[in-house]
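Reading through the structure tokens given below for one structure.
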Amino acid sequence: MSRFYNKTLCIIGGSGYIGQAVAREALKKGINVIAVSRSGAYNCPILKDYELSGKYRPVKGDALHPLSFAEHLKNADALVHTVGTLIDTSVTKRAPGSYEQMNRDALISVAKQLEKNEKNAQKNTNKHKKIVYFSASMAPPFLPKYKTTKDEAAAYIISSENLDATVLEPGFIWSWEQRKWSFFLSYLVDIWAKIFTPFYNKFVPENTYMKKFLANFLVDRSIQLEDVTRAAVYSAFNSAQNGQYLRNQEMEKLSVYYNLDIALNEEEAGQNQSGKYQMESDLKLQKEQQEKQQQEKLNQQKLQDQMQEQEDESANWIKQDSKTANWTENEIEKNQKLNEQKLQDQMQEQDDESANWIKKQSKETDWTQDDIVKQQKQKEQKLQDSMQEMEDESANWIKKEVNSNNWTEKTIEKNQKLNEQKLQESQQEMDDESANWNKKK
1 MSRFYNKTLC
11 IIGGSGYIGQ
21 AVAREALKKG
31 INVIAVSRSG
41 AYNCPILKDY
51 ELSGKYRPVK
61 GDALHPLSFA
71 EHLKNADALV
81 HTVGTLIDTS
91 VTKRAPGSYE
101 QMNRDALISV
111 AKQLEKNEKN
121 AQKNTNKHKK
131 IVYFSASMAP
141 PFLPKYKTTK
151 DEAAAYIISS
161 ENLDATVLEP
171 GFIWSWEQRK
181 WSFFLSYLVD
191 IWAKIFTPFY
201 NKFVPENTYM
211 KKFLANFLVD
221 RSIQLEDVTR
231 AAVYSAFNSA
241 QNGQYLRNQE
251 MEKLSVYYNL
261 DIALNEEEAG
271 QNQSGKYQME
281 SDLKLQKEQQ
291 EKQQQEKLNQ
301 QKLQDQMQEQ
311 EDESANWIKQ
321 DSKTANWTEN
331 EIEKNQKLNE
341 QKLQDQMQEQ
351 DDESANWIKK
361 QSKETDWTQD
371 DIVKQQKQKE
381 QKLQDSMQEM
391 EDESANWIKK
401 EVNSNNWTEK
411 TIEKNQKLNE
421 QKLQESQQEM
431 DDESANWNKK
441 K
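Take UniProt numbering: the last position of the sequence shown gets the number 441, and nothing is skipped along the way.
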């Protein structure tokens with residue numbers, strides 16, 4: 001339920017283009033509407049349905065003689081005045097209908113009746129009835145009197161001590177639903193306003209006849225009918241706009257606030273009912289926030305579990321793979337040291353065997369000490385060369401395998417066997433040479 005629900009709005013000029021649009025907007029929000037016009041008629045089928053339901057009440061009355069509908073003014077919570085004329089009928093010999101009567105005197109007459117009602121009903125209160133008046137931002141070409149008479153009426157209600165008032169000053173009002181031609185005309189108005197106004201302000205000399213003449217062609221940009229009517233209804237029941245003149249930009253903002261204010265003031269209605277609605281609303285909001293936070297925590301925990309599971313799988317894969325094909329640098333270095341140790345042990349064993357063999361041979365032959373030393377040095381040098389060659393080949397092979405990240409236990413074992421085989425062949429070759437040398441000696 002909105003703040004506007006079951007309020008009563010009296011529209012002066014309720015059968016006109018603007019008046020019926022304001023009525024439709026107010027009725028959509030649950031506002032009771034009293035539409036005052038000379039004919040008491042309307043041409044909108046939607047309003048007929050509201051009339052049958054009792055929400056819309058057309059009243060026949062003359063704004064220049066508000067006493068005829070004074071009782072309806074008393075029953076209304078706010079008033080919107082849309083009466084005005086673009087053509088001065090005193091010029092066309094049609095009366096009544098002059099600018100002074102329609103654009104100024106009609107509003108002032110209604111305002112005076114409201115002031116009288118307020119003085120009688122609320123002598124001991126500062127609360128006043130609100131009136132929203134439709135004026136214009138600029139006069140039509142060559143019709144300055146249209147604007148001046150409306151300004152005089154607006155000044156009266158704004159300065160009144162017994163009324164709260166807001167003045168709306170829209171530009172050209174268009175509506176696709178109500179007047180399709182106005183939609184296309186609004187484009188021309190906007191283009192003209194965008195081009196001519198800057199030219200007029202910048203290039204036309206001040207205090208000249210040309211300046212005064214070209215002022216007749218100044219126009220404000222257009223505005224949509226719905227924005228104007230929403231601003232009117234919103235201002236009628238909102239004290240923040242009291243004493244203000246609102247133009248296109250302000251009315252478009254209020255049109256947005258109008259829709260938002262419905263939801264905001266549902267909480268106000270709850271506060272008026274012992275705060276029950278507010279409490280329920282707060283509890284509901286708090287519960288939703290807690291559920292949202294709980295869901296976010298569950299999502300985060302689920303994500304962390306998935307990440308941990310992926311990390312564990314990755315670690316297991318790396319561990320398993322390292323056993324078969326992913327030797328680290330430490331493992332390679334350890335394996336290399338084992339090979340070197342094994343090679344040193346074999347060298348020591350060969351040295352011992354060679355020393356024993358030489359010692360034995362020296363007893364059986366007439367070898368000289370120099371021959372023995374020379375033979376031993378040759379064997380040692382050959383053995384060292386063979387070892388160096390094996391180490392270089394092993395280092396190159398390890399480097400190549402590390403770069404390709406393709407070490408396996410079988411590959412390492414194969415490399416060790418090749419090294420041992422090569423070492424054995426080298427030993428056999430040395431033994432053969434030594435045997436031949438001894439035979440020759």
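For every residue, glycine included, the Cβ atom is placed at its ideal position computed from N, Cα and C.
Residues of its chain near residue i, where Cβ-Cβ distance is below 7 angstroms and the 5 sequence neighbours each way are ignored
i, result
"N75", "T8"
"E250", "none"
Residue i in three-state terms, based on DSSP
i, result
"E425", "helix"
"V59", "strand"
"F183", "helix"
"S159", "helix"
"T85", "coil"
"A139", "coil"
"K127", "coil"
"S98", "coil"
"T197", "helix"
"T208", "coil"
"Q300", "helix"
"L218", "coil"
"Q336", "helix"
"Q381", "helix"
"L64", "coil"
"Q344", "helix"
"Q178", "coil"
Close beta carbons around residue i, own chain, < 8 angstroms, minus the five adjacent residues each side
i, result
"A41", "S15, P58"
"G243", "I158, D164, A165, T166"
"G275", "Note that G275 scores 48 on pLDDT, short of 50, meaning its location in the model is unreliable and no value can be drawn from it."
"L64", "P96, Q101, D105, A106, S109"
"W174", "S182, F183, L185, S186, S222, I223, Q224, L225"
Beta-carbon spacing of residue i, residue j below 7 angstroms
i, j, result
"L73", "L107", "no"
"V132", "T166", "yes"
"residue 446", "L27", "Coverage of the chain is limited to positions 1 through 441, which leaves residue 446 absent and any answer about it impossible."
"A236", "A35", "no"
"I12", "H81", "yes"
"W181", "V219", "no"
"R104", "E152", "yes"
"N248", "P141", "no"
"N32", "K48", "no"
"L214", "Y200", "yes"
"P170", "V228", "yes"
"R230", "E71", "no"
"residue 472", "A23", "The shown model of the chain, from 1 to 441, leaves out residue 472, and the question about it has no answer."
"A154", "S137", "no"
"L168", "L86", "no"
"S68", "G61", "yes"
"residue 446", "V204", "Here the chain covers residues 1 to 441 and nothing more, so residue 446 does not appear."
Strand pairing of residue i, partner residues [DSSP]
i, result
"K105", "Looking at the sequence shown, residue 105 is not Lys but Asp. Per DSSP, none; premise fails for D105."
"T166", "V132, Q244"
"I173", "I223"
"Y234", "Bridge partners of Y234: none, in fact."
"H72", "Its beta-bridge partners do not exist; DSSP assigns none."
"V80", "I11, V132"
Close Cβ partners of residue i (< 6 angstroms) along its chain, the five nearest in sequence each way excluded
i, result
"W176", "F183"
"Q421", "none"
"Q384", "none"
"P66", "S109, V110, Q113"
Task: Runs of beta strand (DSSP E) wholly within the stretch 3-54 (minimum 3 residues, chain order) - done: Here the runs fully enclosed are 8-12, 32-37.
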